[in-house]
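Some notes on the structure that comes next.
Number of protein chains: 2
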Amino acid sequence: MSTWTLHDGDALAVLPTIETGSVDLVLTDPPYNSGGRTNTERGLQTTRGKYVSSDAVHQLADFPGDNRDQRSYAYWLMLVLVECLRTSRAGASLLVFTDFRQVPATSDALQGAGWTWRGIIPWHKPITRPQRDGFRRECEYILWGSNGQPYRHAEPIYLPGLVKGSQPRGTNRKHITQKPVEVLRELIRVCPPGGTVLDPFAGAGSTGVAALLEGRSFVGVELTRHYADVTRERLAEALAGVQSDAPAVLPESPQEAAPTAL
Amino acid sequence: MSTWTLHDGDALAVLPTIETGSVDLVLTDPPYNSGGRTNTERGLQTTRGKYVSSDAVHQLADFPGDNRDQRSYAYWLMLVLVECLRTSRAGASLLVFTDFRQVPATSDALQGAGWTWRGIIPWHKPITRPQRDGFRRECEYILWGSNGQPYRHAEPIYLPGLVKGSQPRGTNRKHITQKPVEVLRELIRVCPPGGTVLDPFAGAGSTGVAALLEGRSFVGVELTRHYADVTRERLAEALAGVQSDAPAVLPESPQEAAPTAL
DNA sequence: CGGCAGATTGAATCTAAAA
DNA sequence: GTTTTAGATTCAATCTGCC
Numbered sequence: 307m308s309t310w311t312l313h314d315g316d317a318l319a320v321l322p323t324i325e326t327g328s329v330d331l332v333l334t335d336p337p338y339n340s341g342g343r344t345n346t347e348r349g350l351q352t353t354r355g356k357y358v359s360s361d362a363v364h365q366l367a368d369f370p371g372d373n374r375d376q377r378s379y380a381y382w383l384m385l386v387l388v389e390c391l392r393t394s395r396a397g398a399s400l401l402v403f404t405d406f407r408q409v410p411a412t413s414d415a416l417q418g419a420g421w422t423w424r425g426i427i428p429w430h431k432p433i434t435r436p437q438r439d440g441f442r443r444e445c446e447y448i449l450w451g452s453n454g455q456p457y458r459h460a461e462p463i464y465l466p467g468l469v470k471g472s473q474p475r476g477t478n479r480k481h482i483t484q485k486p487v488e489v490l491r492e493l494i495r496v497c498p499p500g501g502t503v504l505d506p507f508a509g510a511g512s513t514g515v516a517a518l519l520e521g522r523s524f525v526g527v528e529l530t531r532h533y534a535d536v537t538r539e540r541l542a543e544a545l546a547g548v549q550s551d552a553p554a555v556l557p558e559s560p561q562e563a564a565p566t567a568l
Numbered sequence: 307m308s309t310w311t312l313h314d315g316d317a318l319a320v321l322p323t324i325e326t327g328s329v330d331l332v333l334t335d336p337p338y339n340s341g342g343r344t345n346t347e348r349g350l351q352t353t354r355g356k357y358v359s360s361d362a363v364h365q366l367a368d369f370p371g372d373n374r375d376q377r378s379y380a381y382w383l384m385l386v387l388v389e390c391l392r393t394s395r396a397g398a399s400l401l402v403f404t405d406f407r408q409v410p411a412t413s414d415a416l417q418g419a420g421w422t423w424r425g426i427i428p429w430h431k432p433i434t435r436p437q438r439d440g441f442r443r444e445c446e447y448i449l450w451g452s453n454g455q456p457y458r459h460a461e462p463i464y465l466p467g468l469v470k471g472s473q474p475r476g477t478n479r480k481h482i483t484q485k486p487v488e489v490l491r492e493l494i495r496v497c498p499p500g501g502t503v504l505d506p507f508a509g510a511g512s513t514g515v516a517a518l519l520e521g522r523s524f525v526g527v528e529l530t531r532h533y534a535d536v537t538r539e540r541l542a543e544a545l546a547g548v549q550s551d552a553p554a555v556l557p558e559s560p561q562e563a564a565p566t567a568l
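Here the protein sequences come in this chain order: Y and Z.
Per this note's numbering, numbering through the first sequence is continuous, rising by one, with the last residue being 568.
Per this note's numbering, numbering through the second sequence is continuous, rising by one, with the last residue being 568.
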């Protein structure tokens with residue numbers, strides 16, 4: 307039976323409380339810190355100013371942690387990934403979203419934290435702005451790492467090296483940098499069935515939704531109160547949907563799936 | 307009228323002889339140096355041993371320059387890219403192929419050489435080996451840089467952020483790491499019509515073929531005698547094809563397109 | 001000329017045996 | 001114990017040939 311837990315708080319503060327060797331996949335989307343190339347660009351804009359186009363009207367909350375320069379970003383992310391490695395079992399995988407500018411810093415953080423870098427999976431977003439006199443920026447990137455040799459699955463799996471999907475739009479969009487659930491579901495298959503997925507930057511909780519839909523358990527961490535609330539709502543809904551779809555076998559303890567705050 | 311020139315020799319030796327500010331696009335595929343994760347793996351295998359599957363029988367020649375460790379690879383590539391920047395006009399572009407392992411080192415070399423990093427274009431190869439219990443490696447990467455602000459084209463162009471194409475197979479395949487001409491033709495559109503394309507690692511000359519087919523001039527450098535011969539043959543053939551397809555306007559001087567050795 | 005079936009092969013990776 | 005070599009493995013887009 308899949309369960310979920312969401313901790314309120316900062317990733318670096320909460321991760322040490324998570325049990326060593328309890329996680330099979332870390333799947334997360336840290337703040338990219340790449341909105342501006344200069345100090346002024348990074349410092350003066352709000353998160354929404356960087357990511358939301360001026361002609362669009364959105365009601366999305368700001369999120370913090372997006373104002374570091376590249377060196378301190380790599381260092382901070384490495385500290386987070388060190389803790390993630392500790393919580394993960396030997397053979398577990400790490401999947402981190404990043405944009406093109408942060409691929410090198412993210413690969414440094416990943417390897418510096420002790421993960422083995424195994425590849426890059428481009429995420430192709432078909433709906434993006436054209437760019438005059440240049441190449442369209444229609445991809446983000448997912449860096450794949452593993453804790454030692456990856457699991458050998460009982461039932462062999464073969465996963466795609468390129469994923470495709472448009473960002474949620476309209477009322478489905480709860481967070482500025484929200485990822486499509488279909489993409490996350492495909493990625494989650496690297497976690498053994500029934501295993502546990504960790505997301506230290508849960509945001510609007512799409513990773514957790516995808517994990518529950520795929521029959522994996524979920525542990526999340528989210529600093530912003532507003533997004534933690536959104537996540538709890540979406541996870542409860544996803545779990546209810548999975549349970550109602552399930553065959554006529556009732557879970558032994560429905561409370562098992564209740565949210566646990568830190 | 308498109309012309310082409312192929313210099314025999316090492317990129318670092320030949321590039322200084324190329325005129326400053328004469329190039330509109332540098333499009334190249336350096337040796338990736340990523341065949342092995344360890345010194346021994348890199349040093350002891352031949353190029354073909356690394357890249358050609360054991361069950362396949364090929365008649366392709368080896369190529370040198372694929373035995374550096376990552377630091378010296380980045381340094382060496384930077385020296386090459388510094389010279390490329392000098393030969394290029396303000397607004398010119400740089401496109402460098404690399405595999406996932408060398409993306410960080412290549413971006414360091416590109417920026418260290420003075421180019422402005424503008425993006426990553428994944429190249430999706432539909433025919434790749436599957437990987438058990440993991441994500442297939444079905445992409446290589448093209449890093450895009452520019453000499454200052456990119457050209458503002460008289461006729462605006464909009465280029466893709468993701469390219470797709472299978473490697474040449476069978477008798478069309480002249481080099482182990484040969485790139486498909488259709489992909490190169492698409493990339494070459496970032497060079498203004500009639501401009502000049504430079505490839506310091508010409509290999510079997512696909513970049514030059516694509517340039518001529520798109521009506522751009524080509525300057526290449528190739529160290530291995532065998533591949534230089536292959537390139538000259540293919541370029542002469544491509545140019546002949548373009549000229550016979552052209553409208554009934556004869557070139558003023560057919561010799562204009564003759565190969566010029568260093 | 002079109003459609004279908006079977007063969008081929010890839011900038012590889014992992015495991016196990018051998019030196 | 002450590003390093004090196006040999007062999008097996010695998011999916012899907014092309015290619016080939018046959019009907």
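We put the CB at the ideal spot given by N, CA and C, even for glycine.
Next item on the list: Determine which residues share a DSSP beta bridge with histidine 313(Y) and list them.
Entry: Histidine 313(Y) is bridged to Val527(Y).
Item checked: Boundaries (first-last residue) of the beta strand (DSSP E) holding proline 428(Y) -> Where proline 428(Y) is concerned, the enclosing beta strand (DSSP E) stretches over 422-430.
Note to self: Judging by CA-CA distance, which residue of Pro506(Z), Thr513(Z) and Gly509(Z) is the nearest neighbour of glutamate 488(Z)?
What the structure shows: Taking only the C-alpha atoms, the option nearest glutamate 488(Z) is Thr513(Z).
Checklist line | Delimiting residues of the alpha helix (DSSP H) encompassing glutamate 573(Y) | finding: An answer regarding residue 573(Y) cannot be provided, because it is not within the stretch 307 to 568 covered by chain Y.
Margin query: Using only the alpha-carbon positions, how far apart do asparagine 339(Y) and arginine 538(Z) sit?
Written below: Answer to the nearest angstrom: the Cα atoms are 47 Å apart.
Check: At a cut of 8 Å, does the segment 486-501 of chain Z reach the segment 371-379 of chain Z through at least three beta carbon pairs?
Finding: Short answer: they don't touch.
Next item on the list: Can you tell me the Cβ-Cβ gap for leucine 312(Z) and alanine 517(Z), rounded? I've got them flagged as a contact below 8 Å.
Entry: With 8 Å as the limit, leucine 312(Z) and alanine 517(Z) do not qualify as a contact, their Cβ atoms being about 12 Å apart.
Note to self: Can you check whether the C-beta of isoleucine 427(Y) is within less than 9 Å of a C-beta belonging to chain Z?
What the structure shows: It does; some Cβ of chain Z falls within 9 Å.
Check: Among residues of its own chain, excluding the 5 on either side of proline 322(Z), which ones have a beta-carbon nearer than 7 Å to its beta-carbon?
Finding: Answer for proline 322(Z): Glu389, listed in chain order.
Item checked: Residue burial classification, aspartate 551(Z) (beta-carbon count within 10 angstroms, cutoff 16) -> So aspartate 551(Z) counts as exposed.
Check: Using the beta-carbon of each residue, which ones in chain Z are nearer than 9 Å to isoleucine 494(Y)?
Finding: Within chain Z, no C-beta atom comes less than 9 Å from the C-beta of isoleucine 494(Y); the nearest is roughly 12 Å away.
Next item on the list: Indicate whether at least one CB of chain Z lies closer than 9 Å to the CB of cysteine 445(Y).
Entry: Judged by the 9 Å Cβ criterion, cysteine 445(Y) is in contact with chain Z.
Margin query: Can you check whether the C-beta of glycine 327(Y) is within less than 9 Å of a C-beta belonging to chain Z?
Written below: Taking a beta-carbon distance threshold of 9 Å, glycine 327(Y) does not count as an interface residue toward chain Z.
Margin query: Assuming the contact rule is C-beta atoms closer than 8 Å, aspartate 330(Y) and proline 498(Y) should be a hit. Round their C-beta distance to whole Å, please.
Written below: By a beta-carbon distance limit of 8 Å, aspartate 330(Y) contacts proline 498(Y). Their separation comes to about 6 Å.
Next item on the list: Please classify asparagine 453(Y): is it buried, with 16 or more other beta-carbons within 10 angstroms of its beta-carbon, or exposed?
Entry: Buried.
Check: So, proline 432(Y) versus serine 399(Y), is the Cβ gap smaller than 9 Å?
Finding: No, Cβ-Cβ distance for proline 432(Y) and serine 399(Y) is not below 9 Å.
Margin query: Rounded to the nearest angstrom, what separates leucine 318(Z) and leucine 385(Z) at their Cα positions?
Written below: Approximately 8 Å between the Cα atoms of the pair.
Note to self: So for threonine 393(Z), helix, strand or coil by DSSP?
What the structure shows: Three-state DSSP puts threonine 393(Z) in a helix.
Item checked: Euclidean distance between Cα positions of glutamate 461(Z) and glycine 440(Y) -> Between glutamate 461(Z) and glycine 440(Y), the C-alpha separation is close to 12 Å.
Next item on the list: Give the straight-line distance between the Cα atoms of aspartate 316(Z) and glycine 526(Z), rounded to the nearest whole angstrom.
Entry: About 11 Å.
Check: Is DSSP giving glycine 440(Y) helix, strand or coil here?
Finding: DSSP places glycine 440(Y) in strand when its eight states are reduced to three.
Item checked: Of the listed residues Thr393(Z), Trp429(Z) and Ser308(Z), nearest to leucine 493(Z) (C-alpha basis) -> Closest by alpha carbon: Trp429(Z).
Check: So, helix, strand or coil for threonine 513(Y), using DSSP?
Finding: Correct three-state label for threonine 513(Y): helix.
Check: Skipping 5 residues on each side, what residues in its chain have a beta carbon closer than 8 Å to that of alanine 434(Y)?
Finding: First, the residue type needs correcting, since residue 434(Y) is threonine and not alanine in the sequence shown. Same-chain partners within the cutoff: Arg442, Arg443 and Glu444.
Next item on the list: Please confirm whether leucine 449(Y) and glycine 425(Y) have their CB atoms less than 9 Å apart.
Entry: Contact: yes.
Notebook entry, point to check: Would threonine 637(Z) pass as a contact of valine 402(Z) if the rule is Cβ separation under 9 Å?
Noted result: This structure cannot speak to residue 637(Z), because chain Z is shown only from 307 to 568.
Margin query: Pull the bridge partners of glutamate 446(Y) from the DSSP assignment, please.
Written below: Its beta-bridge partners are Trp429(Y).
Notebook entry, point to check: Interface residues of chain Y around valine 409(Z) at Cβ under 8 Å?
Noted result: Per Cβ cutoff of 8 Å: Val409, Pro410, Ser413 and Ile426.
Margin query: Less than 8 Å separating the Cβ of arginine 458(Y) from some heavy atom of the ligand NAP?
Written below: The ligand NAP is not part of this structure, which contains no ligands at all.
Notebook entry, point to check: Under 9 Å between C-beta atoms, does threonine 334(Z) make it to chain Y?
Noted result: By this cut-off, threonine 334(Z) is not an interface position.
Next item on the list: For the alpha helix (DSSP H) holding threonine 412(Y), just list the boundary residues, first then last.
Entry: Run containing threonine 412(Y): 409-418, per the alpha helix (DSSP H) assignment.
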